[in-house]
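Residue numbers (the UniProt record's numbering), protein chains in the order written: chain A, 1 to 266; chain B, 1 to 266. Glycine residues also receive a C-beta, built at the ideal position from the N, C-alpha and C atoms. Quick caveat, the model's predicted, so the values are computed rather than measured. Please read the structure below before turning to the comments.
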DNA sequence: CGACTGTTTGATGAAATTCAAGCACAGTGG
DNA sequence: CCACTGTGCTTGAATTTCATCAAACAGTCG
């Protein structure tokens, strides 16, 4: 199989997106170009790799979605990230030459492999490839820090709202509706990821629906009032001047955080 | 491989550690070898770089300590990391080609510069250098995730205890006493980093002192009962079998998390 | 000395968890 | 077709942790 395996279809040559693929999704384009890609299909509940597995390759999500988690010593799960088409996976393995995460698919998904040899060659010989890998890994850390900051400084309702808006943004970047979200993860996963009880997630979703901010039908969520949702995220619980800050600027910064290289690639 | 650089002098030629330099501190040795290093001294409160500054170099802490922080939209600080001798700084800049953090020194400190050109050359031409940079950056992300996990699953007392034990481990790895800690950061910094109120930090330290776990004298902390402190971190707030888990295994895992390459370098 | 930052301690309150119970939906098998 | 079972989700009531507010104290430095 080669890089041309998507060419003949209406889907994007490199990242299997149906449209709106004029910019790099998570900076993986150079890798995809340089490498001979092989891909494989997984189903809901399958694991791509587990903590402790040998670190042999990096992966790129082509379609579907997945979660990465670690296990605490008490053997309970902590979800650290969700992955969507175009995302690069597996860089957790560089630290110990073993994978540190479990990656589990949330639905039927397809994934490309890039062998470590290929990654090495790319990083050694391609300036762009090097930049993209380092940029993506740096960004991973920044995103985790952002997440940490959210837990420290935002209330539950703000975190959940932020989560929905982030998801909306990600899906929009991949050519899907920014208002109609189909959650591929359970409430348990969301609660785990955001560090709250499932009951809290459930209560907050109900409350948001009652306020007319969203419409909830099982895993289908419709965002009815995104400007107001943005305000909720920005409002300092302690200050009276809720929503006074520049929402557009905030949205732009968020966007820049997820797609840092768009400026350099266009 | 690179462990012989401590041989000839009482102070380490490369990382300014007085002793116990038989293993790589945070995997920066290859970088230090390849480069012609220049270093500079900073004082308490000085900044190495700020968010938005041009990304021109990476840095290695030689002595002293520093904190990295980001600013929220409400303009309050969130500390994301503390740095000690041997630590690599500045990889936050890869994401946007601008620094994302503010790095501020907590005491008089010295720092080495590695220009981006030098970093590029190293990564392109040295297999070991490449591994070390990628490993360090991967580890940064894993550590942030660990931190996130701690916030989600541990109580305040557990997080603070964990913080002290981690600090102890770091200092011990750098040849200092693992029992006698001199905090270079304020209570405010600690509270900010751990996501709690200063008052909580203060109360918990007092409480731990009353239980005979530690002795507190301003910034001087003495760890009096580290095994018990480990138990506190491990005990699930909900289970009755506190401290039943394998403390040694836990300590080893923690250690492995901070020093991933020690196994590959010895 | 007084102004300052950094820290401690107490009283109160709010946010979110835990415990407990029940509902909705999908798949299975009689 | 309908009970039966399991998973995922919702809702209510009581509890707990921790933050906030308020005040006072301890060292430091100009």
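Start and end residues, beta strand (DSSP E) containing residue 215 of chain A: 214 to 217
Boundaries (first-last residue) of the alpha helix (DSSP H) holding residue 159 of chain A: 156 to 173
Own chain residues within Cβ distance below 7 Å of residue 194 of chain B, not counting five before or after: 159, 160 and 163
Buried versus exposed call for residue 101 of chain B [16 or more other C-beta atoms within 10 Å across all chains shown]: buried
Residue span of the beta strand (DSSP E) that contains residue 220 of chain B, given as start and end: 220 to 223
Close Cβ partners of residue 61 of chain B (< 7 Å) along its chain, the five nearest in sequence each way excluded: 83, 84, 85, 86, 87, 89, 109 and 111
Helix, strand or coil at residue 55 of chain B [DSSP, three-state]: coil
Rounded separation between residue 222 of chain B and residue 179 of chain B - CA only: 5 Å
Local Cβ density within 10 Å of residue 99 of chain A, reported as buried at 16 or more and exposed below that: buried
Residue nearest to residue 46 of chain A in terms of C-alpha spacing, selected from A:91, A:157, A:103 and A:212: A:103
Cβ neighbours of residue 192 of chain B in the same chain (closer than 7 Å, five flanking residues each side left out): 77, 78 and 79
Proximity test, Cβ basis, 8 Å: residue 135 of chain A and chain B: yes
Residue burial classification, residue 188 of chain A (beta-carbon count within 10 angstroms, cutoff 16): exposed
Candidates A:182, A:198, A:134 and A:67: closest to residue 58 of chain B by CA position: A:134
Residues within the region 80 to 95 of chain B neighbouring chain A, beta-carbon criterion of under 9 Å: 80, 81, 91, 92, 93, 94 and 95
Chain-ordered neighbours of residue 53 of chain B on chain A, where CB pairs are closer than 7 Å: Ordered by position in chain A, no residue passes the 7 Å Cβ test against residue 53 of chain B, which lies about 15 Å from the chain.
Contact check, residue 65 of chain A vs residue 127 of chain A, beta carbons under 8 Å: no
Delimiting residues of the beta strand (DSSP E) encompassing residue 267 of chain B: The question about residue 267 of chain B has no answer here: the residues shown for chain B are numbered 1 through 266.
Nearest to residue 230 of chain A (by Cα), restricted to the options A:157, A:177, A:96 and A:105: A:157
Contacts of residue 128 of chain A in chain B (Cβ-Cβ under 9 Å): By Cβ distance, chain B contributes nothing, its closest Cβ being about 12 Å from residue 128 of chain A, past 9 Å.
C-beta neighbour in chain A for residue 217 of chain B, strict 8 Å: no
Contact between the region 207 to 218 of chain A and the region 137 to 156 of chain A (3+ Cβ pairs under 8 Å): no
Within-8 Å CB hit, residue 152 of chain A to chain B: yes
Opening and closing residue of the alpha helix (DSSP H) in which residue 200 of chain A lies: 198 to 210
Candidates A:169, A:92 and A:201, of which the one nearest residue 52 of chain A by Cα: A:92
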